[in-house]
Amino acid sequence: MTKKCNVIVVANQKGGTGKTTTTENVGIGLANQGKKVLMVDFDPQGDLSACLGLKNADDMENTISKAMNDIIYDKEVDYNNLIIHHEEQIDLIPSNIELADFELKLVSVMNRERVLDMCLSPLKQHYDYILIDCPPSLGMLTINALSAADNILIPVQAQYLPAKGMTKLLNTISKVKHQINPKVDILGVAITLANMQTNLGKSTVDTIRENYGKHIKVFNSIIPIGVKAAEASVSGKSVYQHAKDSNVAKAYEDLTKEIRKIERSKHKGTPER
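Here the working numbering = 1-based position in the sequence shown + 8.
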């Protein structure tokens, strides 16, 4: 029996919402629970690669863009040299600035929305989870990620929320679901970078729950704004390794447990609200 792999895309076209930090710490949180996890850096800026300690990504030959290029030209992908094994028990497919050029190339490719899915499909039997960190845009890269996804995790910064931006993201997800990938679902909204010590922070969180909670799951775990998360990113380690007793580490651990709970309830056939 083939192992069931859950492909989770972390997406929001708005920058600065904690996408990369969330991808890293949810992924390592799942690995800490004994799950086999692959992370895919799918942003030309290569922030996930840098957060996991890769300082030379721009000089690397084997990246996600090289692998997808091989798929386009019907070449065999060298997965052994593509995947990097990280000390925190996860695997990583890195990215660099070449992915920006590759996105332009994708426009004229046959079956262009499915190239990432074709690239990752042979790997699914080896992992429980594949997490994809998207760029802050709704271009062809994000469409590729959504086309490969089972679930979408949307990090939303706890500040005034431009409804237009969220509506655009949800419309894009809806189009992908109806036209390309009927199996994709929204896993939920994760509130990030929250300052719950202020009235503004509390009221913003209430507004997010009020506006979106009726239609989309808004996770109970709120990721606080904290210097420890920023320090962890610079150090090339997860917040668990850099500051395991911090509020941020505890919040990501709780978020990871919530994600696992939803998955278990789906397997039992009971919908999770």
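Every residue gets a Cβ at the ideal spot worked out from N, C-alpha and C, and that includes glycine.
When rounded, the separation of the alpha-carbon atoms in D86 and V34 is 27 Å. Assigned with DSSP and collapsed to three states, Y81 falls in coil, not helix or strand. DSSP, read as helix, strand or coil, puts V117 in coil.
Within the region 26-84, complete alpha helix (DSSP H) segments of at least 4 residues are found at 27-40, 55-59, 72-80, given in chain order. By the neighbour-count criterion, in which 16 or more other beta carbons inside 10 Å mark a residue as buried, G209 falls on the buried side. In this structure, the CA atom of K44 is about 15 Å from the CA atom of I267.
Between A198 and I231 a beta carbon distance of about 7 Å is seen, short of the 8 Å cut, so the two are scored as contacting. Under the DSSP assignment, G196 falls in the beta strand (DSSP E) whose first and last residues are 193-202. DSSP places S229 inside the beta strand (DSSP E), whose first and last residues are 226-232. In the three-state scheme derived from DSSP, where H, G and I count as helix and E and B as strand, N104 is classed as coil.
The beta carbon of A237 lies closer than 6 Å to those of T29, V247, V256 in the same chain, with the five residues before and after it left out. Contact check for A58 against Q97 fails: the beta carbons are separated by 7 Å or more.
Within the DSSP secondary-structure output, L139 pairs in a beta bridge with I16, M47. Considering only Y81, M68, A19, the residue with the shortest C-alpha distance to D51 is A19. N14 is a Cβ neighbour of D158, given a cutoff of 7 Å.
For L161, there is no enclosing alpha helix (DSSP H); the residue is part of the beta strand (DSSP E) that begins and ends at 159-165.
The Cβ atoms of I188 and E111 do not sit closer than 7 Å to each other. With fewer than three CB-CB distances shorter than 8 Å, the region 148-164 does not count as touching the region 53-69. In the DSSP assignment, G209 falls within the alpha helix (DSSP H) that extends over 207-220. By the CB criterion at 7 Å, D262 and S229 fall inside the cutoff. Going by DSSP, D125 is part of the alpha helix (DSSP H) stretching over 123-128.
A direct Cα-Cα distance of roughly 18 Å separates D214 from T175. Contact between the region 130-147 and the region 181-195 is absent: fewer than three C-beta pairs spanning the two stretches fall below 8 Å. The three-state reading of DSSP puts H186 in helix, counting H, G and I together. Looking at T180, Y81, T206, the one whose alpha-carbon comes closest to that of K113 is Y81.
Across the set I16, V123, K74, I224, the C-alpha of K74 shows the shortest separation from the C-alpha of S103.
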